[in-house]
Structure formats: structure tokens, C-alpha cells
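The working numbering applies: residue 20 is where the sequence shown begins, and numbers increase by one. The beta carbon of each residue, even a glycine, is placed where N, CA and C say it ideally should be. Quick caveat: nothing in here was measured; it's all calculated off a predicted structure.
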Amino acid sequence: VILKKLKEITPDILIVSEEDSKSHSSKATNQFFLIDPLDGTKEFLKKDGLGSFTVNIGLIENGIPTLGVVYAPALNRMFFASVATGAFEESNDLIKPITIRELPQSGAVAVASISHRDELTNTWLNDHKIKNTTSIGSSLKFCLVACGEADVYPRFGPTMEWDTAAGDAVLRCAGGSVKHPNDEPFNYGKSNYRNGPFIAYGSF
């Protein structure tokens, strides 16, 4: 449904989707969509009540995510953002602008993968003396930083660009940033659409 509608609305923009393996061999253009119709598959299958699976739609322009929609149907939360409008959350038919928060005096709160957390992540959290970490699935981790429920999201395990583009856009439009651990810019449109490690920052 998502692919069909996007092709109707924007027929000239490339769409790279997690579910469409043929699109994975497409060369990135200056403007293209990255789609993941079900991010957090393990969380979806667990049906453990956390509901941390999402639908992700991200638009990339010149390597930068400029528009993103992250919808968590089980949680009735939708995050959407663009560089022109800023970032917003819709929940229970109410729409509110969101932004990263100031770092709390009690210390930073991190979010980390619930299914793919590794020793590099644990080492990073320990090195930065972060005592409070919430484990959750999918691109919701970006959104929790964007709306001020957390402050940083370190990720050292493998991800694909369609896993991160939409949430990345929401976070950047809310005032945050995403960088490689060496502080290099985190961009999109790589030949295999595979991400390297990254840190998603709020005010941390």
C-alpha cells in the first residue's frame, strides 16, 4: 500500500524498500525514499505487550534525511517531521511539536536495542557513565530521543539505511544529530545501503 501510494504521488522519485529486494540493487539518486514496512520484526512476533515495532518512511536528499514518518500502531504513536516544518508527534488524535530536551541533572538516559544489544554498546554506555538505559526495538529509539524521553542512542551492531532514515529525520528535525562514533557525518545512499556504527544524540 505504501509503495503504491508513493509511486502515485511521486512517480519520479526512487523508492528503496526493505521488502522489495529488487530495489536494493538500485543506485541511490539525489532524492530517494527509504521504506521499512515493518521495523522491529522480532518485537512484532514476540507480542509481549511492548509494541515497539514501526512503519518507517524516510526521504533522503543529497545524502541527508529531510523528511520522516515513524508509526507505532500498537502504541498509537506517530512521529513525523520535515526540515521545513520541524518535528511532531500525534497520539490520541492530538498533535504536538517535539524537541530534544536539556540534559537532566539526574544524568542522561540512553536507549538501546532490545534484540541486538552487543558488548560494544555496553562498553560505550559504561565509558560514558550512563546508568539509565531503556531497551526497546525499532526506530522508536530515535523518536524517544527526539521527543525528550531519552538523550542518546548508541548503535554498533548492523543496520540498514531503511531501518534508520525515518527516525533519523525525526531526530534531526527535533534538534538532534546522528554521527559516526568518530564524529564523522552519518549520511545515506551507500552502494549497499548498509550503515556503519552511529550515535544518535539529543543534548548529550
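For Trp181 against Asn75, the beta-carbon gap comes to about 7 Å, under 8 Å, which counts as contact. Cβ contact annotation for Glu80 (same chain, cutoff 8 Å, sequence separation greater than five): Asn49, Gln50, in chain order. Using a Cβ-Cβ distance cut-off of 8 Å, the region 162-170 and the region 129-143 are in contact, since at least three pairs of beta carbons, one from each stretch, lie closer than that value. When beta bridges are read from the DSSP output, Val164 appears opposite no residue. In the DSSP assignment, Thr153 falls within the beta strand (DSSP E) that extends over 151-155.
In the DSSP assignment, Phe217 forms a beta bridge with Arg174. Assignment of Pro204 by DSSP, reduced to helix, strand and coil, places it in the strand class. Tyr212 and Pro116 have their C-alpha atoms some 30 Å from each other. The beta carbons of Gly77 and Phe52 sit closer together than 8 Å.
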